[in-house]
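Notes follow once the structure below has been shown.
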Amino acid sequence: MVELTDNLKLVSPDPVRSWITKLKEFGATKMFTIGIPDPVPKEIIEVYAKAAYNEDLTNKVSYTPVKGEDALKKNIIVMENNFNVKLTEEDSERILPTIAASQALQFYFSLFKTGSEILVQAPAWGTIYSMIGHSGNTGVPCEYFVDGKFTPENVDAAITEKTQAAYINLPSNPQGFMPKSGEIKKFTEYVAGEKGLQVISDSPYKYHLYSGEYYSPINSGGDIADNVTLVSSFSKIIKPDIRLGYIRLAPAIWKADTDKKIVYYFRNLGASTSRAIQIGVSAVIDHDPKLSFLKPIVKGYEKKSALMRGYLEGMGAKFDVIPNASYLLFPKTPGDINGEEYVKEMAKDYQIGFLPGSSFSAGMPKYDKYFRVGIGGGMSGEKIKEIMESI
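Listed below in structure tokens is the structure:
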């Protein structure tokens, strides 16, 4: 008889895609569901594709370096410094290119002792809990920020003797929001400093901040920064099917690996992503290290977000925080009704697909009265007007 790992019991169906299927069954055809970015200029795809193609023609038989292409890692450091992420040349040895951010996250969560607990920023992308569960660990939802303010008492209430790390996603999915720098600094100094926990900062939406400067948890410096791991993804920079991300492991984790097994473990997970993809992405950074091509796209997100927020507020929805990044909104339902009932009603009555807050709540009752709206994927302001004015 086959006996499977108990870790599978900690894995759940994708709460986003399973609800998309339900919404279509309820009649939704006008979908504000999957969170994907707007297309980048053709010129950027050509830069990427030409470099990747040339690499495939010239390197026909060699494996990708396990720790990634040096040129790419150096370019990541340049790019991230342009977004106020204070990496140094030393970080090149701590960076591992991954198969998108998903592999980076699963790799990270599996480094901790089985039975550990990981605090998870609430609300959050629901699949995070399954990624933690893959390795026999448990995600614990925690509202780090309430109305944009760091709330240490919530962290204290969630921590147990099993807690090893805290996952933070800023700007956040589903809220499309980043707190002020001072609040992120307070979070980092309290969690990674005073509490001594590892912090994993998953930040692929920082390139979509409407205004102001991004603040990375690594910027706290010193012993605090030694406890911070960074993750990001080029699927939010170039396009979703470019499955390349990276993880910059915290120095404290490298130091804890006294047997020097982390790189071998990483190698066994997939031997990094393709060299051609790495070279193609590196060429895009060479071409535009400040990612200036994203500026008009992000300006478009800001306009579409304000437009959609106006329609939603006109219907009675309310916002705890005003979106200030990306193409995502996360309001409370009109009349505080159950989010699942609300999105079901919108699908049946108006053929509109929104996602229920339960997909991001991890069982926290508060967020069951919310819903997420995605306005990326090339959707125009005119299309938003057409759909929302049909209600």
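Going by numbering that gives the first Met the number 0, the sequence shown runs without a break in its numbering and finishes at 390.
In this text, a Cβ means the ideal position worked out from N, Cα and C, and glycines have one as well.
Source: prediction; values computed, not measured.
The alpha helix (DSSP H) enclosing residue i, as first and last residue numbers
| i | result |
| --- | --- |
| residue 154 | 151 to 157 |
| residue 162 | Residue 162 -> not in any alpha helix (DSSP H); beta strand (DSSP E) instead, spanning 162 to 168. |
| residue 77 | 69 to 80 |
| residue 237 | Where residue 237 is concerned, there is no enclosing alpha helix (DSSP H), given that its DSSP letter is neither H nor E. |
| residue 320 | Element bounds for residue 320: n/a, residue is neither H nor E. |
| residue 344 | 338 to 349 |
| residue 128 | 126 to 132 |
| residue 205 | Unbroken run through residue 205: none, as it is neither H nor E. |
| residue 186 | 180 to 187 |
| residue 191 | Element bounds for residue 191: n/a, residue is neither H nor E. |
| residue 252 | 250 to 255 |
| residue 215 | Neither: residue 215 is in no alpha helix (DSSP H) and is coded neither H nor E. |
| residue 360 | 357 to 360 |
Endpoints, beta strand (DSSP E) assigned at residue i
| i | result |
| --- | --- |
| residue 227 | 227 to 232 |
| residue 373 | 370 to 373 |
| residue 247 | 244 to 247 |
| residue 385 | Residue 385 -> not in any beta strand (DSSP E); alpha helix (DSSP H) instead, spanning 380 to 387. |
| residue 138 | 137 to 141 |
| residue 117 | 116 to 120 |
Nearest candidate by alpha-carbon position, reference residue i, set the options
| i | options | result |
| --- | --- | --- |
| residue 131 | 239, 116, 376 | 116 |
| residue 149 | 189, 137, 197, 158 | 189 |
| residue 158 | 137, 233, 203, 54 | 137 |
| residue 197 | 211, 234, 252 | 252 |
| residue 38 | 7, 249, 293, 334 | 293 |
| residue 24 | 321, 261, 345 | 345 |
| residue 298 | 144, 374, 129, 141 | 374 |
| residue 317 | 286, 306, 330 | 330 |
| residue 382 | 88, 29, 264 | 29 |
| residue 358 | 127, 72, 98, 380 | 127 |
| residue 334 | 304, 370, 324, 306 | 370 |
| residue 27 | 42, 19, 34 | 19 |
| residue 151 | 184, 209, 68, 134 | 184 |
| residue 178 | 208, 154, 129 | 208 |
| residue 219 | 180, 171, 235 | 180 |
| residue 390 | 368, 268, 310 | 310 |
| residue 376 | 332, 300, 46 | 300 |
| residue 225 | 72, 87, 44 | 87 |
Assigned secondary structure, residue i (DSSP; H/G/I helix, E/B strand, else coil)
| i | result |
| --- | --- |
| residue 29 | strand |
| residue 292 | helix |
| residue 222 | helix |
| residue 1 | coil |
| residue 40 | coil |
| residue 97 | strand |
| residue 198 | strand |
| residue 7 | helix |
| residue 277 | helix |
| residue 64 | coil |
| residue 108 | helix |
| residue 268 | helix |
| residue 333 | helix |
| residue 86 | coil |
| residue 260 | coil |
| residue 144 | strand |
| residue 352 | strand |
Rounded distance between the beta-carbons of residue j and residue i, thought under 8 Å
| i | j | result |
| --- | --- | --- |
| residue 82 | residue 204 | With 8 Å as the limit, residue 82 and residue 204 do not qualify as a contact, their Cβ atoms being about 11 Å apart. |
| residue 366 | residue 356 | 4 Å |
| residue 342 | residue 22 | 7 Å |
| residue 93 | residue 248 | 5 Å |
| residue 191 | residue 223 | 5 Å |
| residue 396 | residue 265 | Look at the range of the chain in this structure, 0 to 390, and you will see that residue 396 is not part of it. |
| residue 118 | residue 187 | About 13 Å separates the two Cβ atoms, so there is no contact after all. |
| residue 96 | residue 245 | 5 Å |
| residue 36 | residue 235 | 6 Å |
| residue 120 | residue 141 | 7 Å |
| residue 67 | residue 326 | Contact doesn't hold; Cβ gap of about 29 Å is too wide. |
| residue 134 | residue 10 | Contact doesn't hold; Cβ gap of about 10 Å is too wide. |
| residue 324 | residue 176 | 7 Å |
(request) Could you tell me whether the region 240 to 247 touches the region 272 to 289, where touching means 3 or more Cβ pairs closer than 8 Å? (result) Verdict: yes, contact present.
(request) Could you tell me whether the region 48 to 58 touches the region 277 to 291, using the rule of 3 or more Cβ pairs below 8 Å? (result) At 8 Å Cβ cutoff, the stretches touch.
(request) Please determine if the region 222 to 240 and the region 111 to 128 are in contact, where contact requires at least 3 C-beta pairs separated by less than 8 Å. (result) Touching, no.
(message) Using a Cβ distance threshold of 8 Å, determine whether the region 304 to 322 contacts the region 67 to 83, with at least three qualifying pairs required.
(response) Because the criterion of three Cβ pairs below 8 Å is not met, the region 304 to 322 and the region 67 to 83 do not touch.
(message) Whether or not the region 225 to 233 and the region 256 to 263 are in contact is what I'm after, with contact meaning three or more pairs of Cβ atoms, one per stretch, closer than 8 Å; do they touch?
(response) Result no; under three Cβ-Cβ pairs closer than 8 Å.
(message) I want to know whether the region 87 to 102 touches the region 139 to 146 - three or more CB-CB distances under 8 Å.
(response) No, they do not touch.
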